[in-house]
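The sequence shown stops at residue 259 when you use the working numbering, and every number in between is there.
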Amino acid sequence: MRAGKYLLGLWILAALGSSLMSGSVSAKEYFTVKNNVLERPTGYREWVYVGTPLTPNDMNNGKANFQEFHTVYIDPESWEHWKKTGNVRDGAILIKEMTSVGSKVATSGKGYFMGDFIGLEATIKSKREFPDEPGNWGYFSFTNEDHKSIKKAAKLEPTANCNGCHQASAQDDLVFTQYYPVLRAGKSSPEKAVGGK
């Protein structure tokens, strides 16, 4: 009986070791996609914050394409990969939380201050899910037309809706790292990622 348990234990260890060495144990995924529909991720505010670009209407002749704050987060495992390699890993997800410009005056002075949450979007790099999309990136919007609520799931956006701009202007692998100081500082450099120079 003991010999049988011992052999079973050895077999399990050998199988586990083999899968680890072959690389078949996959990295953690922070999303669920089925038939090109993404379930809204939860807990993303616990991820790594990378930046908040803003292109206000009053600096763009009243017609900014994206006139809200875009607060962007990256999943923790992709952040660790980025710091080590300087590359976006397959399986990465970035979440963009959109907030209106609420006020331009505060006790500290004039500026742009956040108002209400008005939308949520996500982009995922996945060869498995998006083999035919440029760079294997898929884009999703959970934003409802009323800009007061968000959907529980979102369909993959048509390629032309997002990829064209990302292909033409994004600095790193279709990601606008030029606007995200945390990603710029952390690229292949864990020490700089925590504020070092």
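Don't be surprised by glycine CBs; every beta carbon is placed ideally from N, CA and C.
In chain order, what residues of the same chain have a beta carbon less than 6 Å from the beta carbon of residue i, not counting five sequence neighbours either side?
i    : result
S203 : E183, A216
W141 : V110
E101 : T94, A215
F192 : N198, G200
K133 : Note on residue identity: the sequence assigns Thr, not Lys, to residue 133. The answer, listed in chain order, is T114, E159.
I believe residue i touches residue j by the beta-carbon criterion, under 8 Å. Please report the beta-carbon distance rounded to the nearest angstrom.
i    : j    : result
P115 : Y241 : 4 Å
T161 : P196 : At roughly 28 Å, the Cβ-Cβ gap does not stay under 8 Å, so T161 and P196 are not in contact.
S251 : K145 : 7 Å
N98  : L218 : 4 Å
Given residue i, which residues of its chain have a CB within under 8 Å of its CB, disregarding the five upstream and five downstream residues?
i    : result
V244 : V110, Y111, V112, G113, A255
G177 : T161, S162, V163, G164, S165
T239 : A232, Q233, L245, R246, K249
Would you call the CB atoms of residue i and residue j closer than 8 Å?
i    : j    : result
I155 : I180 : no
D208 : V150 : no
E159 : K90  : no
D137 : S188 : no
Y135 : Y92  : no
Exposed or buried, which one is residue i when buried takes at least 16 other CB atoms within 10 Å?
i    : result
P103 : buried
C224 : buried
E130 : buried
V237 : buried
Got a sec? Which residues, its chain only, sit under 7 Å from residue i by beta carbon, not counting five neighbours each side?
i    : result
R190 : none
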